[in-house]
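For reference, the structure is listed below as structure tokens.
If you want it as structure tokens, here you go:
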């Protein structure tokens, strides 16, 4: 996965690493709640045996485990790591915001939080469940939900959430607005480029608070008119979207900037989000067709989600 290869560098961890489908480089620190011998909780030993069976069905043995720890209580110092990577892990964490706070703590300024979460159709039992809303994530944070506190109603470390990318973007905006920390949007993929059954969200530890929208929007417009620093233009758009992902013109500007920088994949992904917000925009549709060579089709997961609201 080129995006992971480009961003996951230095010293970092992968949470819940799978031998058949690893995300981070081989030299990462592999973190899990059990290694088959030791475990955080008795239930984790039983879960490990299920995991081993799944890996063997894929023709693999279990991935090595370097560190037994909770994903929301990592045994690393403040600012110690360059990245935290997770694939199909976030949905297993009841208190997602608590996890983001912990991952931000252990990252250096500029460090990467690289997440792939499953689409709702990736797991058959999730396809009929309601999408997790921002209010659900906020409530879980206020209650400080844990796998133990949710027993017996929820199975141990089960899928506590069913995500769409746009709810995660709304969560990013809420996290920054409520000063739990400060993440900068780095990259998105409506469909992950690794396996294709998930969404990709990549955040960068900002290290300091972001400029306000009242400053960023005029600055982005001015930079766009000059058209001489596309890296700065992309940064301004990402700073805006980190605070309000519904500014569809910021997605358009990000797309235009990435195309000029030679990153057609990022340009197309940004254009996808612009069209999700403005599906009838003819200019957006034309640009999407030029970038992709095909007509825009609204994501099925969102069609299903919106239909359930009728």
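In this note's numbering, the protein residues as written are 2 to 311.
C-beta: ideal position from N, C-alpha, C; glycine also.
Here the structure is a predicted model, which is why all the values come from computation and not from measurement.
Just checking my contact of residue i with residue j at CB under 8 Å: how many whole Å lie between their CB atoms?
| i | j | result |
| --- | --- | --- |
| residue 274 | residue 252 | 5 Å |
| residue 93 | residue 158 | 5 Å |
| residue 67 | residue 106 | Contact flag wrong, Cβ pair sits at about 19 Å. |
| residue 234 | residue 248 | Between residue 248 and residue 234 the Cβ distance is about 14 Å, and since that is not below 8 Å, they are no contact. |
| residue 191 | residue 300 | 6 Å |
| residue 135 | residue 172 | 6 Å |
Let me make sure I understand the geometry here. Which of the options has the alpha-carbon closest to that of residue i?
| i | options | result |
| --- | --- | --- |
| residue 290 | 301, 270 and 306 | 270 |
| residue 122 | 107, 163, 109 and 19 | 163 |
| residue 260 | 232, 22, 93 and 175 | 232 |
| residue 230 | 108, 262, 153 and 2 | 262 |
| residue 244 | 299, 302, 196 and 176 | 176 |
| residue 109 | 81, 117 and 179 | 81 |
| residue 72 | 192, 166 and 147 | 147 |
| residue 63 | 20, 29 and 43 | 20 |
| residue 170 | 97, 143, 305 and 125 | 97 |
| residue 225 | 208, 206 and 250 | 250 |
| residue 180 | 257, 133, 207 and 297 | 207 |
| residue 2 | 280, 14 and 25 | 25 |
| residue 221 | 161, 192 and 240 | 240 |
| residue 117 | 100, 132, 86 and 111 | 86 |
| residue 184 | 210, 152, 228 and 124 | 210 |
| residue 103 | 16, 152 and 303 | 16 |
| residue 205 | 218, 219, 223 and 111 | 111 |
| residue 178 | 196, 214 and 201 | 214 |
| residue 11 | 30, 23 and 18 | 30 |
Residues in the same chain with beta-carbon distance under 8 Å from residue i, minus the five sequence neighbours each way, listed in chain order, please.
| i | result |
| --- | --- |
| residue 8 | 84, 113, 115, 187, 188 and 203 |
| residue 40 | 34, 46, 49 and 69 |
| residue 174 | 243, 244, 245 and 246 |
I'd like to confirm the pairing. Which residues does DSSP put opposite residue i in its beta bridges?
| i | result |
| --- | --- |
| residue 30 | 14 |
| residue 115 | 86 and 203 |
| residue 256 | BP columns for residue 256 are empty, so no partner. |
| residue 40 | 35 |
| residue 69 | 33 |
| residue 74 | 71 |
| residue 94 | Beta-bridge pairing links residue 94 to no other residue. |
| residue 108 | 82 |
Using a Cβ-Cβ cutoff of less than 6 Å, which residues in the same chain neighbour residue i once the five nearest sequence positions on both sides are dropped?
| i | result |
| --- | --- |
| residue 297 | 276, 286 and 289 |
| residue 258 | 231, 234 and 235 |
CB-CB under 7 Å to residue i, same chain, minus the five flanking residues each way: which ones, in chain order?
| i | result |
| --- | --- |
| residue 44 | 157 |
| residue 95 | 141, 146, 147, 148, 151 and 161 |
| residue 61 | 20 and 21 |
Any beta strand (DSSP E) of 3 or more consecutive residues that is wholly inside the region 170-246:
184-190 and 199-206
Output the residue ranges of the alpha helix (DSSP H) runs that lie fully inside the region 120-164 and measure 4 residues or longer, sorted by chain position.
135-144
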